[in-house]
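*Asks:* Heads up: the sequence shown is residues 494 to 902, going by this note's numbering.
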Amino acid sequence: MRMPTSTSTTSFTSRATTAQRLRHGLLNALVFGLCYPVANLLAQQQGIGRNVATAWDAHIAFVPWMVLPYMFSGVFFVGSFAVVGSLDALRVLSQRLLLATVLACLVFVLVPLRFSFERPELTSALWAPLYALLGVVDQPYNQLPSLHVAYCCIFWLAWRPLCATWATRWALFLTLGLVSVATLFTYQHHVLDVLAGAALGAACVALVRPRRQTPWVALYYALGAGVVVVLGMAWWPGWLTAYCAASLLLVAQAYARGDANFLHKTRGRFAWWAWLFYAPYLLGYRLTWLAVQWRERKNPPCAEVAPGLWVGRRLSQAQAQQLPPGCTVVDLANELSETPALRNTRYHHVPLLDLVPPSATDVQRVLAIVHDALQSGHPVYLHCAMGYSRSRQMASAYLAQNPQAGCPS
Numbered sequence: 494m495r496m497p498t499s500t501s502t503t504s505f506t507s508r509a510t511t512a513q514r515l516r517h518g519l520l521n522a523l524v525f526g527l528c529y530p531v532a533n534l535l536a537q538q539q540g541i542g543r544n545v546a547t548a549w550d551a552h553i554a555f556v557p558w559m560v561l562p563y564m565f566s567g568v569f570f571v572g573s574f575a576v577v578g579s580l581d582a583l584r585v586l587s588q589r590l591l592l593a594t595v596l597a598c599l600v601f602v603l604v605p606l607r608f609s610f611e612r613p614e615l616t617s618a619l620w621a622p623l624y625a626l627l628g629v630v631d632q633p634y635n636q637l638p639s640l641h642v643a644y645c646c647i648f649w650l651a652w653r654p655l656c657a658t659w660a661t662r663w664a665l666f667l668t669l670g671l672v673s674v675a676t677l678f679t680y681q682h683h684v685l686d687v688l689a690g691a692a693l694g695a696a697c698v699a700l701v702r703p704r705r706q707t708p709w710v711a712l713y714y715a716l717g718a719g720v721v722v723v724l725g726m727a728w729w730p731g732w733l734t735a736y737c738a739a740s741l742l743l744v745a746q747a748y749a750r751g752d753a754n755f756l757h758k759t760r761g762r763f764a765w766w767a768w769l770f771y772a773p774y775l776l777g778y779r780l781t782w783l784a785v786q787w788r789e790r791k792n793p794p795c796a797e798v799a800p801g802l803w804v805g806r807r808l809s810q811a812q813a814q815q816l817p818p819g820c821t822v823v824d825l826a827n828e829l830s831e832t833p834a835l836r837n838t839r840y841h842h843v844p845l846l847d848l849v850p851p852s853a854t855d856v857q858r859v860l861a862i863v864h865d866a867l868q869s870g871h872p873v874y875l876h877c878a879m880g881y882s883r884s885r886q887m888a889s890a891y892l893a894q895n896p897q898a899g900c901p902s
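(1) With Pro844 as the anchor, note down where its beta strand (DSSP E) starts and where it stops.
(2) Restricting to runs no shorter than 4 residues, where is the alpha helix (DSSP H) found entirely within the segment 522-579?
(3) Shortest alpha-carbon distance to Leu596 belongs to which of Ala618, Gln814, Tyr644?
(4) Assuming contact is defined by CB atoms lying nearer than 8 Å, are Lys758 and Asn837 in contact in what I supplied?
(5) How many Å lie between Leu579 and Arg508 at the Cα?
(6) If you draw a straight line from the alpha carbon of Leu626 to that of Gln632, how long is it in whole angstroms?
(7) If I'm right that Leu592 touches Cys697 with Cβ under 8 Å, what's the distance once you round it to whole angstroms?
(8) For Tyr891, I'd like the list of residues in its chain whose CB is within less than 6 Å of its CB, leaving aside the five on either flank, ordered along the chain.
(9) Quick one: measure Cβ to Cβ for Val687 and Ser639, integer angstroms, because I've assumed they're closer than 8 Å.
(10) I need the DSSP call for Gly805, collapsed to helix, strand or coil.
(11) With respect to the alpha helix (DSSP H) encompassing Thr661, which residues constitute its N-terminal and C-terminal limits?
(12) Any chance the segment 715-730 sits against the segment 663-675, with 3 or more Cβ pairs inside 8 Å?
(13) So, does the segment 786-798 touch the segment 738-745, judging by three or more C-beta pairs under 8 Å?
(14) If you check the beta carbons only, do Leu845 and Ala753 fall under 8 Å apart?
(15) Since I believe Arg806 is in contact with Ala878 (beta carbons under 8 Å), could you give me their beta-carbon distance rounded to a whole number of angstroms?
(16) Determine the extent of the beta strand (DSSP E) in which Val604 is found, giving its start and end residues.
(17) Output needed for Cys656: all residues of its chain with C-beta closer than 7 Å, excluding positions within five of it in sequence on either side, in chain order.
(18) Thr759 bridges to which residues according to DSSP?
(19) Using DSSP bridges, identify the partner residues of Val822.
(20) Of the residues Pro818, Ser809, Gly717, which one's Cα is nearest the Cα of Glu831?
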């Protein structure tokens, strides 16, 4: 039987759904909407005056109409999530933008800068309102690297597949180039900011590659650590910010090396040191599980997908009492402790990383436990944390290997 050890080739070319586009777009908007203004606020509160102006900048004229291409970046930002075709292209776009946003904002809060020139006074009824609007959403801080320019590098690769002719490719290139240089002529950025933005965009493109075999969950945890640093510098004590960021980086490292047993859960419980190092991660999953319990409160927490094989999420104490007597428990969740009522039964823990395809070895190990228990006449409860992915995947693999057992409900 072919094991689900990796993302299939068709997932690279399958078209992204509207819901997936909205999720990625909203995630990027949320991260930008949180981090960028906070970085501006921190620089403003500190009264930052240093800059990276060079002799070249003194020769750059202020061109009022360049505010139009400057603000067109927002159209590209929103439109990019609509124009990319495949799910893999959507993932690449989203991760590149997230990486650029978080890295830039980390630089903004760690090395804050201010634009050194004052704009000429605007009296035009056409341009003055646009620059007033620009002043509301952007401040003379958040300078190096220019996120506008970094985004344009990413937009180029997202939109280029739509350009079937050399003329349309050149039109796209010139448009994005105009958006980039507009940062200079609107007196938003200095030359070094633009060069650093181009370098950041190129780095994000190089780091996030298409057609990866795994979702690269480690990146999201690393980016989460970056977001914690940016937001924590504004509102949290320094020690708490450092602790939460370091904890998330440890989780990112575990995902990067594929270590599903990094928490070393034993007999369904975590040691004290696991809570010490990973409390933000463990508490986050616990809160998510409670939210799922509430959202699914009108639905059964588990279902019998084949005679004797029950599949679902981690159960509460009361829900665990509803399982058949003598049940063998197969716990796939490495991020939640097991329900106390189930720790003293025929308990097996096979940790699998959430959102990561399991290895063939792990699949066979789970299937062997399920098969042996059912052959011995014991019912089996197969569960992960929320009951949405890992447990269903293992149940599907078992039913595919044993079609005579029944069909998933």
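Every residue gets a Cβ at the ideal spot worked out from N, C-alpha and C, and that includes glycine.
*Replies:* Walking through what the data contain:
(1) That run of the beta strand (DSSP E) goes 839-845.
(2) Inside the segment 522-579, DSSP marks whole alpha helix (DSSP H) runs of 4 or more residues at positions 560-564, 566-576, from first to last along the chain.
(3) Its Cα nearest to that of Leu596, the residue Tyr644 stands out among Ala618, Gln814, Tyr644.
(4) No, Cβ-Cβ distance for Lys758 and Asn837 is not below 8 Å.
(5) Note on residue identity: the sequence assigns Ser, not Leu, to residue 579. Looking at the backbone, the Cα of Ser579 and that of Arg508 are separated by about 4 Å.
(6) Put simply, the backbone Cα of Leu626 is about 11 Å away from that of Gln632.
(7) Rounded, the Cβ-Cβ distance is 5 Å, consistent with contact.
(8) Same-chain partners within the cutoff: Leu860, Val863.
(9) Cβ-Cβ separation between Val687 and Ser639: approximately 5 Å, consistent with a contact (criterion under 8 Å).
(10) Reduced to three states, the DSSP call for Gly805 is strand.
(11) Thr661 -> alpha helix (DSSP H) spans 659-678.
(12) The answer is no - the segment 663-675 does not touch the segment 715-730, with fewer than three Cβ pairs under 8 Å.
(13) Counting C-beta pairs closer than 8 Å gives fewer than three between the segment 786-798 and the segment 738-745, which falls short of the contact rule.
(14) In this structure, Ala753 lies closer than 8 Å to Leu845 by Cβ.
(15) Rounded to whole angstroms, the Cβ separation of Ala878 and Arg806 is 6 Å, and the two are in contact under 8 Å.
(16) No beta strand (DSSP E) contains Val604, which DSSP labels as neither H nor E.
(17) Apart from the 5 residues on each side of it in sequence, Cys656 sits with its Cβ closer than 7 Å to the Cβ of Arg662, Leu665 in its chain, given in chain order.
(18) Per DSSP, Arg762.
(19) In the DSSP output, where bridge partners are listed per residue, Val822 has Tyr840, Tyr874.
(20) Restricting attention to Pro818, Ser809, Gly717, the CA atom closest to the CA of Glu831 is found in Ser809.
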